[in-house]
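Q:
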Amino acid sequence: MAEKLRIDRAVIVEGRDDTTNLKRAVDCYTIETHGFGITGETYMEIGKAYEQKGIMIFTDPDHSGEEIRRKLTERFPEAIQVYLTRDEALKDGDIGVENAAPEAIIRAFERALALEKQASSQLGKLTEQDLFERGLVGAPGSGKLREKLARDLGIGYGNSKSFLLKVNAFGIGKEELDGALLRISEE
């Protein structure tokens, strides 16, 4: 395997096994939430890291992981979101960061950092109407199309509302969205 990716921000994960697997690919400091049991002390540690160096949220691509991500993002809205696809995190029927290959973890972090850099340089937010006009909302197959698009963009799948929040959080504009739609239509 290639050299480890170095991340200067604190990475928020769900548990010890996630930390162990993550550190096979990434040189970073982790803070574990221990699932939904985020204590006041843990929130204080996350808050300190958020203020001093920034944080990256890297939870499992399942319902529980998304709920933990939602809770953390409410408190820390400028956190960088790092996503694995369900396929990348699946092993023997179990979905989790602890199952991902080092290469998939590195790709997820590189995508998140690239999207963060791009987001800081783009203006204007997409609207529900923009998604509707592109068949991503309210059309037959729109869920499957959003799923393919989310995979291409590296932002994690979501229903129409959460998809819109994610593309805007990452600063994905119409041009990038249309480019990704073109790429997936050519698959």
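Residues in the sequence shown are numbered consecutively from 2, following my numbering.
The C-beta atom is built at its ideal place from N, Cα and C for all residues, glycine as well.
None of these values were measured; they are calculated from a predicted model.
According to DSSP, simplified to helix, strand and coil, what is A11?
A: If DSSP states are grouped into helix, strand and coil, A11 belongs with the strands.
Q: Do you know offhand how far L73's Cα is from G142's?
A: Cα to Cα, the separation comes out at about 31 Å.
Q: Measuring CB atoms only, is the segment 5-12 touching the segment 25-38, in the sense that at least three cross pairs come out at less than 8 Å?
A: Judged by Cβ distances under 8 Å, the segment 5-12 makes contact with the segment 25-38, as three or more pairs qualify.
Q: Residue ranges of each alpha helix (DSSP H) run of no fewer than 4 residues wholly in the segment 43-122, ordered along the chain?
A: Listed in chain order, they are 64-76, 103-120.
Q: Is it true that the segment 125-133 meets the segment 155-171, where meeting means three or more beta-carbon pairs spaced less than 8 Å apart?
A: Touching, yes, given that three or more Cβ pairs across the two stretches are closer than 8 Å.
Q: Using C-beta distances below 6 Å, list every residue in its chain close to L116, excluding the 5 sequence neighbours before and after it, in chain order.
A: The answer, listed in chain order, is F171.
Q: Distance, Cα to Cα, L114 vs I47?
A: If you take the alpha carbons of L114 and I47, they lie about 19 Å apart.
Q: Using CA atoms only, rank isn't needed, just tell me which of I106, G66, G97, D18 is closest to E4.
A: Out of I106, G66, G97, D18, I106 has the C-alpha closest to the C-alpha of E4.
Q: What is the rounded straight-line gap between the Cα of E15 and the Cα of T43?
A: Between E15 and T43, the C-alpha separation is close to 12 Å.
Q: Would you kindly work out how many angstroms separate the C-alpha atoms of D95 and P62, rounded to a whole number?
A: Whole-angstrom Cα-Cα distance: 11 Å.
Q: Only counting the same chain, and skipping five residues up and downstream in sequence, which positions put a Cβ closer than 7 Å to that of E89?
A: So the qualifying residues of the chain are A101, A105.
Q: What number of angstroms, rounded off, separates the C-alpha of A50 from the C-alpha of I81?
A: In a straight line, the C-alpha of A50 is about 13 Å away from that of I81.
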